[in-house]
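Quick notes on the structure that follows.
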Amino acid sequence: MNLRDMTLDPPWLANFYDPALFDASAGDADSANTIAWYREQLRGPARQVLDIGCGTGRLALPLLEDGHRVHGVDISEAMLGYLAAKAGALAPQVRARLSWAHGSVLDEPLRETFDALVAADDFVTHFDRDQLQRFMAIAHAALRPGGQLLTDMRERAAARLAAAAAPFPKPMQSHGLSGGIASEQGQLHVAMMGWEEYDPESRWLVSHQLYSFIDSQGREARRDWKTIRQRNHSNAELVEAAQRAGFAVERIIGRDLDGVPGEQGGFFQLVRP
Numbered sequence: 001m002n003l004r005d006m007t008l009d010p011p012w013l014a015n016f017y018d019p020a021l022f023d024a025s026a027g028d029a030d031s032a033n034t035i036a037w038y039r040e041q042l043r044g045p046a047r048q049v050l051d052i053g054c055g056t057g058r059l060a061l062p063l064l065e066d067g068h069r070v071h072g073v074d075i076s077e078a079m080l081g082y083l084a085a086k087a088g089a090l091a092p093q094v095r096a097r098l099s100w101a102h103g104s105v106l107d108e109p110l111r112e113t114f115d116a117l118v119a120a121d122d123f124v125t126h127f128d129r130d131q132l133q134r135f136m137a138i139a140h141a142a143l144r145p146g147g148q149l150l151t152d153m154r155e156r157a158a159a160r161l162a163a164a165a166a167p168f169p170k171p172m173q174s175h176g177l178s179g180g181i182a183s184e185q186g187q188l189h190v191a192m193m194g195w196e197e198y199d200p201e202s203r204w205l206v207s208h209q210l211y212s213f214i215d216s217q218g219r220e221a222r223r224d225w226k227t228i229r230q231r232n233h234s235n236a237e238l239v240e241a242a243q244r245a246g247f248a249v250e251r252i253i254g255r256d257l258d259g260v261p262g263e264q265g266g267f268f269q270l271v272r273p
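Here full-length UniProt numbering is used: the first residue of the sequence shown is 1, the next is one more, and so on.
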């Protein structure tokens, strides 16, 4: 497989994310740190926030708790279905501050401006370099003067990328969700096995993941095969795209919320002057 030639077909990408697994923090997402950082940057007066790639509302709902008005955009109807179900349980005065739309921010024109844009959980790695530049331009145009674009990328260790770039046989990755997820078949435990491929020159990372859903009797109720391609943008590439779009870099920190960021990964606070 040529990693550079894999297409980022929106339906394929939209179907990668399982909302139940996403809410259970499957994979290597450091969810608590991520949500805490975004909330801290928006602490203070209520703002109008655009949550790009809002998913199931994992960030949008905490921002509502903090008093903000949030509009979410996502290409996955399944993820938005989970968000709609959660919205139905909100108090009416809180629900009135939440809206969402199905679509891609690259394709759907934004008809209003915002005080802040958030693109969380490694969102920008779904873009190639041209798309990243387009995204930055769209984000800049959608912000009011003084508004912030907040985003993050996961740090991927050199050893992990070297293993992904090596020929087969490759080391297998595995993890499980012992708490399980709710489903139509009842509570299911989940085990994942997978491997990765990486092209250091193009910086494309492809993850192949096999999810096994186990019922209370120890039987496999379902098996899902998922593949996703992400570009491992360097921090310099992200900053360059942001500055070319007109952003000023306010702050970049490491994933642990204290450390100095390395060559790739961290939290990014960008401001439209």
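Ideal placement from N, C-alpha and C gives every residue a C-beta, glycine not left out. These numbers come from a predicted model, not from an experiment.
Just curious, the beta strand (DSSP E) that residue i is in, first and last residue?
| i | result |
| --- | --- |
| T151 | L143 to M153 |
| S99 | L98 to H102 |
| residue 333 | Here the chain comprises residues numbered 1 to 273, so residue 333 is not present and cannot be evaluated. |
| V70 | R69 to D74 |
| V49 | Q48 to I52 |
| L117 | F114 to A119 |
Specify the secondary structure class of residue i as computed by DSSP and reduced to three states.
| i | result |
| --- | --- |
| M192 | strand |
| Q217 | coil |
| Q185 | coil |
| R156 | coil |
| Y38 | helix |
| A162 | helix |
| D23 | helix |
| V206 | strand |
| A82 | Checking the sequence, you will find Tyr at residue 82 rather than Ala. Correct three-state label for Y82: helix. |
| E201 | coil |
| L257 | coil |
| R231 | strand |
| L132 | helix |
| G262 | coil |
Cutting at 8 Å between CB atoms, please list the residues of its own chain near residue i, excluding the five before and the five after it.
| i | result |
| --- | --- |
| T7 | Because the pLDDT of T7 is 46, which lies under 50, any placement of that residue in the model is unreliable, and the number read from its coordinates should be weighed accordingly. If we look at T7 and ignore the five residues flanking it on each side, it has no Cβ neighbours. |
| E250 | Q148, Q269, L270 and V271 |
| R43 | D66 |
For the alpha helix (DSSP H) containing residue i, name the first residue and the last one.
| i | result |
| --- | --- |
| R244 | N235 to R244 |
| Q269 | Counting along the chain, Q269 falls outside any alpha helix (DSSP H), though it belongs to the beta strand (DSSP E) covering G266 to V271. |
| L63 | A60 to E65 |
| V94 | P92 to R95 |
Within the same chain, show all residues whose beta-carbon is closer than 7 Å to that of residue i, passing over the 5 residues directly before and after it, in chain order.
| i | result |
| --- | --- |
| R95 | A87 |
| L143 | T113, F114, L117, L149 and R272 |
| G103 | V73 and I75 |
| L59 | I35, Y38, D51, V118 and A120 |
Which residues in the same chain have their Cβ closer than 6 Å to the Cβ of residue i, if we skip the five residues on either side of it in sequence?
| i | result |
| --- | --- |
| Y198 | L161, A164, A165 and L205 |
| D18 | none |
| G81 | none |
| S174 | M193 |
| G246 | H140 |
| H71 | L50 and S99 |
| E184 | none |
| A24 | L177 and I181 |
| T151 | A119, V124 and F268 |
| F213 | L188, V190, A221 and R222 |
| A20 | I181 |
| L90 | none |
Contact criterion: CB-CB distance below 8 Å. Does residue i meet it with respect to chain C?
| i | result |
| --- | --- |
| F213 | Included in the structure is just one protein chain, with no chain C present. |
Taking 7 Å as the cut-off, does the CB of residue i come closer than this to any heavy atom belonging to the ligand ZN?
| i | result |
| --- | --- |
| L61 | As for the ligand ZN, it is missing from this structure, which has no ligand bound. |
Cβ contact check for the region 185 to 197 and the region 32 to 42: 3 or more pairs under 8 Å: These segments do not touch.
Any 3 or more C-beta pairs closer than 8 Å across the region 114 to 124 and the region 39 to 56: The answer is yes - the region 39 to 56 touches the region 114 to 124, with three or more Cβ pairs under 8 Å.
Segment contact, 8 Å Cβ cut-off, at least three pairs: the region 131 to 140 with the region 232 to 241: Between the region 131 to 140 and the region 232 to 241 there are three or more C-beta pairs closer than 8 Å, enough to call the two in contact.
The region 163 to 172 in contact with the region 124 to 135 per 3-pair CB rule at 8 Å: Because the criterion of three Cβ pairs below 8 Å is not met, the region 163 to 172 and the region 124 to 135 do not touch.
The region 218 to 227 / the region 121 to 130 touching (three or more Cβ pairs under 8 Å): They do not touch, by the three-pair rule.
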